[in-house]
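Peer 1: Have a look at this one.
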Amino acid sequence: MRNRKFLALVALVVLAGLITAGCETMAGSAGTGAGLGAATGAIIGHQRGRAWEGAAIGAALGGITGVIVHDIRDRRVQSADAVQEEYIERGEWQPESQDRIMEMRRASVDPQQLRRGQSGRATMEYDVLGMGGTEVVESREIRRGGQVIGQLSSKGFTRGDGTWESSQAFDITSDMDPGLYTLVQRVRGGGLDISRSTQFEVVR
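Just remember that the working numbering sits 7 ahead of the position in the sequence shown, which is counted from 1.
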């Protein structure tokens, strides 16, 4: 019974990939990769006993040719009290104001020059203040020549006040074209939207 459910899942995902391919435009080749990647991911997930999770990971893998993404790691690096004190001292916030603040402290790609087969890490650090545990969405997308070529991730988190660090590792495979890329890291929530761009280079 379990195998039958798994085969049905794979068939559904492959069908979705074929439909995506049938509707593909000149700029939509990443969609085909995402559909086929999802089928591969479903198989990987099934081996772990989590087929739907595997399908989601596979779709991310197929979204950008030459990039394999990993899980997001996050932690609060500064407490709510510390951030409040810092903004009060700068005259940018008062507890009674009920103002909401979300501010990007830094964003980076390390290293900034990556060879094929090498791993990199995209990291952002941002402040949340006066938002009381708001749901935010963190996203990371790669651009080249001003055009979006794919998304590393888009995931929701509940963030209380403080300074948060979020990072995601990714691998450059032999399929990635050499050249200069831009990684845009973005956070949206509570009616606020912040982002920062960082360039990195892929070399042979």
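Every residue gets a Cβ at the ideal spot worked out from N, C-alpha and C, and that includes glycine.
Who are Y94's beta bridge partners in DSSP?
Peer 2: One-based indexing of the sequence shown puts residue 94 at position 87. For Y94, which the question treats as bridged, DSSP gives no partner whatsoever.
Peer 1: Grab me the residues of G89's own chain with a C-beta within less than 8 Å of its C-beta, minus the 5 sequence neighbours each way, in chain order.
Peer 2: Taking the first residue of the sequence shown as position 1, residue 89 is located at position 82. The residue asked about is misnamed: residue 89 is Ala in this sequence, not Gly. Here the set comprises G169 and T170.
Peer 1: Using a Cβ-Cβ cutoff of less than 6 Å, which residues in the same chain neighbour R193 once the five nearest sequence positions on both sides are dropped?
Peer 2: Taking the first residue of the sequence shown as position 1, residue 193 is located at position 186. Excluding residues within five positions, the ones whose Cβ falls inside 6 Å are S146 and S202.
Peer 1: Indicate whether Q125 and F207 have their beta-carbon atoms separated by less than 8 Å.
Peer 2: As a first step, residue 125 must be located in the sequence shown, where it is residue number 118. As a first step, residue 207 must be located in the sequence shown, where it is residue number 200. Taking 8 Å as the Cβ cut-off, Q125 and F207 do not qualify as a contacting pair.
Peer 1: Excluding the five sequence neighbours on either side, which residues of its own chain have a C-beta within less than 6 Å of the C-beta of V84, listed in chain order?
Peer 2: In the sequence shown, counting from the first residue as 1, residue 84 sits at position 77. Cβ within range, chain order: T170 and E172.
Peer 1: If we ignore side chains and look at the alpha-carbon of each, how far apart do G137 and G157 end up?
Peer 2: The residue labelled residue 137 in the question sits at position 130 within the sequence shown. The residue labelled residue 157 in the question sits at position 150 within the sequence shown. Between G137 and G157, the C-alpha separation is close to 33 Å.
Peer 1: With 16 as the cutoff for other CB atoms within 10 Å, does I179 come out buried or exposed?
Peer 2: As a position in the sequence shown, residue 179 is number 172, starting the count at 1. Looking at its Cβ environment, which holds 16 or more other Cβ atoms inside 10 Å, I179 is buried.
Peer 1: Looking only at its chain, what residues have a beta carbon closer than 8 Å to the beta carbon of G186, apart from the 5 residues adjacent to it on each side?
Peer 2: Here residue 186 corresponds to residue number 179 of the sequence shown, with the count starting at 1. Once the five neighbours on either side are set aside, the close Cβ partners of G186 are R151, E208 and V209.
Peer 1: Check whether the Cβ atoms of V135 and M109 sit closer than 8 Å, and answer yes or no.
Peer 2: What you label residue 135 is simply residue 128 of the sequence shown in a count that begins at 1. What you label residue 109 is simply residue 102 of the sequence shown in a count that begins at 1. Yes. Within cutoff.
Peer 1: Can you give me the start and stop residues for the beta strand (DSSP E) that M109 sits inside?
Peer 2: Looking up residue 109 in the sequence shown gives position 102. It spans I108 to D117 - the beta strand (DSSP E) in which M109 sits, taken as one unbroken run.
Peer 1: The beta strand (DSSP E) that contains G73, what's its start and end?
Peer 2: Position 66 of the sequence shown, counted from the first residue, corresponds to residue 73. Looking at the DSSP string, G73 is not in any beta strand (DSSP E), and its letter there is neither H nor E.
Peer 1: Please report the distance separating the alpha-carbon of R82 from that of E96.
Peer 2: Within the sequence shown, numbered from 1, the residue matching residue 82 stands at position 75. Within the sequence shown, numbered from 1, the residue matching residue 96 stands at position 89. R82 and E96: Cα-Cα distance of roughly 24 Å.
Peer 1: Assuming T130 contacts S86 under a Cβ cut-off of 8 Å, what Cβ separation, rounded to an integer in Å, is found between them?
Peer 2: As a position in the sequence shown, residue 130 is number 123, starting the count at 1. As a position in the sequence shown, residue 86 is number 79, starting the count at 1. In fact, because the Cβ distance is near 20 Å, the residues do not count as touching under 8 Å.
Peer 1: Is there a Cβ of chain B sitting closer than 8 Å to that of G157, yes or no?
Peer 2: Any reference to chain B falls outside this structure, which holds one protein chain only.
Peer 1: By DSSP, does E145 sit in helix, in strand, or in coil?
Peer 2: Locating residue 145 in the sequence shown gives position 138, where the first residue counts as 1. DSSP places E145 in strand when its eight states are reduced to three.
Peer 1: Need the endpoints of the beta strand (DSSP E) that G169 sits in, please.
Peer 2: Position 162 of the sequence shown holds residue 169. Note, G169: beta strand (DSSP E), G169 to I179.
Peer 1: Using the C-alpha atoms, what's the distance from V191 back to W100?
Peer 2: Here residue 100 refers to the residue found at position 93 when the sequence shown is read from its first residue. Here residue 191 refers to the residue found at position 184 when the sequence shown is read from its first residue. Near 27 Å, if we compare the C-alpha coordinates of V191 and W100.
Peer 1: Near A15, which residues of its chain fall below 7 Å by C-beta distance, leaving aside the five closest residues on each side in sequence?
Peer 2: Looking up residue 15 in the sequence shown gives position 8. Here A15 scores only 48 on pLDDT, less than 50, and its place in the model is too uncertain to base an answer on.
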